[in-house]
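Novice:
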Amino acid sequence: MYTMKILPVLMVGLLIVSVMLMGSVTSAERVKAIVVFKDKVQDSDVKALVEQGGIVDKKLDIINGVSVELPRQVFDKIDHAAKHGAESKVKFIEIDQEVHILKVDPSKVKPTATPTATPTPALQVTPWGIQAVNADDVSIDGSGVKVAVVDTGIDYTHPDLAGKVIGGCSFVRYTKSYKDDNGHGTHVAGTIAAVNNNIGVVGVAPGASLLAVKVLDRSGSGYLSNVISGIQWSVTNGAQVISMSLGSSSDSQALHDAVDAANAGSVVVVVAAGNDGGAVSYPAAYDSVIAVSAVDESLTKASWSNFGTEVDLAAPGVNVYSTYKGSYAYLSGTSMACPHVSGVVALVLTTAPGKYDKTGDGWDPGEVKQKLYDTARDLGSTGKDNYYGYGLVDALKAVS
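As structure tokens, then:
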């Protein structure tokens, strides 16, 4: 828990998953878990969990799973049967990990001017990141494309996001509202699609529509099952792009399955690479997504940006100016780099000759990714490298 203020530099980086481990385990301990079945979840499967003391929370149909709270001894029993019992209906069970926002170390980010404190600045500015990816030189605007922001929600009352949010859903317990009560998701949304309306800022794809998928609460906390539910809702509700400024230092088979399913359903999934200067986080490390690292205004990798062979593209992520709760703010992180790429994906999809699906009359995720890789501005070592991937995403070349 922390208090967020509008400061000279506000930095909220990658959303990161941390496993909450207990020092000692007793038979009375209960754990939050995700149970994934080999086939579609049946009522009898849910009943069996309940009869063993489980409290089922959500059905995760996208991975044939459920989220459930149950006794630790039952978790261990199911886990053993899944790994060693051929007759088990369970494919695997894993801990439903807690998630929260991890901030970038302020000492590693160059200070900037104080963010505008009014929700309606007199003149519109084009943030440096929009210019760096050449989005301000593109004539198309992403109209007709739905981008799901899986995050803390979106402040749909913000004047620079007016009319942009066409739907949403909340997966946090205390509210059904998908309005952002943290600020992180609103900042991401503005970079993707802030309106070109002569006030505030403008996004990469100002014509794109947004889906506000709230999987984290006001303090930036939630659970892995929330994220999977958010992916599932996005796919079901027609998202063509999913933007996820979140991650984990540890692998999750359930999350892996969810992003793979979204990709198989013709959705382009874009994910932040991570902010601790180490290995690429999950789900950015999965092959089915576009993993994004962060660069500063000199187009040099941010010192805290994660790196590795899994990085696909780089984008602006230091002192990025965008919409914030009722105002505007500078934030830093691969969380801020990720939506630049998500916006460019929306622009590319606008150029598709027909409906976006795998029937051959539009782009599929593999084609979209390759288009971005082929047109990226090479940075660092010649060719693909661990810091920048294929290079800085370039909106103008990608849609040419």
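This note's numbering applies: residue 1066 is where the sequence shown begins, and numbers increase by one.
Beta carbons are placed, not taken as given, at the ideal position from N, Cα and C, and that holds for glycine.
Would you report the Cα separation of Q1189 and V1115, rounded to the nearest angstrom?
Specialist: Taking the straight line from one Cα to the other gives about 55 Å.
Novice: Using CA atoms only, rank isn't needed, just tell me which of G1342, I1099, G1118, T1191 is closest to D1225.
Specialist: D1225 has its Cα closest to that of T1191, out of G1342, I1099, G1118, T1191.
Novice: Report yes if the CB atom of D1282 is closer than 8 Å to the CB atom of V1214, and no otherwise.
Specialist: Not a contact, by the Cβ cut-off of 8 Å.
Novice: By the 10 Å Cβ neighbour count, where 16 or more other Cβ atoms means buried, how is E1375 classified, buried or exposed?
Specialist: When all chains shown are included, E1375 counts as buried.
Novice: When you compare the CB of K1123 with every CB in chain C, is at least one pair closer than 8 Å?
Specialist: No chain C is present in this structure, which holds just one protein chain.
Novice: Which residues mark the beginning and the end of the beta strand (DSSP E) in which V1230 is found?
Specialist: Start and end: 1230-1235.
Novice: Output needed for K1468: all residues of its chain with C-beta closer than 7 Å, excluding positions within five of it in sequence on either side, in chain order.
Specialist: Residue 1468 lies beyond the residue range present for the chain, which begins at 1066 and ends at 1465; the question has no answer from this structure.
Novice: Using 8 Å for Cβ pairs, my map puts S1358 next to V1324. What's the rounded Cβ distance?
Specialist: The Cβ separation is near 18 Å, so there is no contact.
Novice: From V1333 to N1291, what does the alpha carbon distance come to, in whole angstroms?
Specialist: Computed Cα separation, rounded: 19 Å.
Novice: Going by Cα to Cα distance, which pick from D1341, G1342, I1293 is closest to A1326?
Specialist: Per the Cα distances, I1293.
Novice: Between which residues of its own chain and D1161 is the CB-CB distance below 6 Å, once the five residues before and five after are set aside?
Specialist: Here the set comprises K1097, A1098, I1099, S1132, Y1288, L1289, S1290.
Novice: Go to P1381, then tell me how far its alpha helix (DSSP H) extends in each direction, as first and last residue.
Specialist: It is not in any alpha helix (DSSP H) - P1381 instead sits in the beta strand (DSSP E) that spans 1378-1381.
Novice: Helix, strand or coil: how does DSSP classify G1255 here?
Specialist: G1255: helix per DSSP, three-state reduction.
Novice: List, from N- to C-terminal side, the alpha helix (DSSP H) runs of 4 residues or more that fit wholly inside the segment 1373-1417.
Specialist: Runs found: 1399-1415.
Novice: Looking at the unbroken alpha helix (DSSP H) that takes in L1470, where does it start and where does it end?
Specialist: This structure cannot speak to residue 1470, because the chain is shown only from 1066 to 1465.
Novice: List the residues that DSSP assigns as beta-bridge partners of E1159.
Specialist: I1099, per the DSSP bridge assignment.
Novice: Is the closest heavy atom of the ligand MN to the C-beta of G1233 under 7 Å?
Specialist: No copy of the ligand MN occurs in the structure displayed, which carries no ligand at all.
Novice: Leaving out five residues before and five after G1295 in sequence, what residues of the same chain have Cβ atoms less than 7 Å from its Cβ?
Specialist: Only V1215, F1236, V1278, V1280 meet the Cβ criterion.
Novice: Give the DSSP-derived three-state secondary structure of K1154 in the structure shown.
Specialist: DSSP places K1154 in coil when its eight states are reduced to three.
Novice: I want to know whether the segment 1446-1464 touches the segment 1240-1250 - three or more CB-CB distances under 8 Å.
Specialist: No: the two stretches stay apart, fewer than three of their Cβ pairs being nearer than 8 Å.
Novice: Less than 8 Å between the beta carbons of Y1266 and G1255, yes or no?
Specialist: Residue identity check: residue 1266 is Val in the sequence provided, not Tyr. Their beta carbons are under 8 Å apart, which means V1266 touches G1255 by this criterion.
Novice: Along the chain, where does the beta strand (DSSP E) containing A1359 start, and where does it finish?
Specialist: Element bounds for A1359: 1355-1360.
Novice: Tell me the DSSP secondary structure of L1437 in three-state form.
Specialist: Here L1437 sits in helix by DSSP.
Novice: Nearest CA to the CA of V1486: which residue from V1345, V1410, G1209?
Specialist: With the chain running from 1066 to 1465 in the structure shown, residue 1486 is simply not present.
Novice: What does the alpha-carbon distance come out to for the pair H1165 and S1286?
Specialist: For H1165 and S1286, the distance between alpha carbons rounds to 4 Å.
Novice: Look at the Cβ atom of L1378, then the Cβ atom of A1441, and state whether they are nearer than 8 Å.
Specialist: For L1378 and A1441, yes; Cβs fall inside 8 Å.
Novice: Using a 10 Å radius around the Cβ and a threshold of 16 neighbouring Cβ atoms, would you call D1459 buried or exposed?
Specialist: Flag for D1459 reads buried.
Novice: Excluding the five sequence neighbours on either side, which residues of its own chain have a C-beta within less than 6 Å of the C-beta of S1153, listed in chain order?
Specialist: Closer than 6 Å at Cβ, skipping near neighbours: A1146, A1147.
Novice: Assuming the contact rule is C-beta atoms closer than 8 Å, I1128 and A1319 should be a hit. Round their C-beta distance to whole Å, please.
Specialist: That belief holds up - the Cβ atoms of I1128 and A1319 are roughly 6 Å apart, short of 8 Å.
Novice: So, is G1398 buried or exposed, given that buried needs 16 or more other C-beta atoms within 10 angstroms?
Specialist: Looking at its Cβ environment, which holds 16 or more other Cβ atoms inside 10 Å, G1398 is buried.
Novice: Can you tell me where the alpha helix (DSSP H) holding E1116 begins and where it ends?
Specialist: Taken as a continuous stretch (DSSP letters only), the alpha helix (DSSP H) holding E1116 covers 1108-1116.
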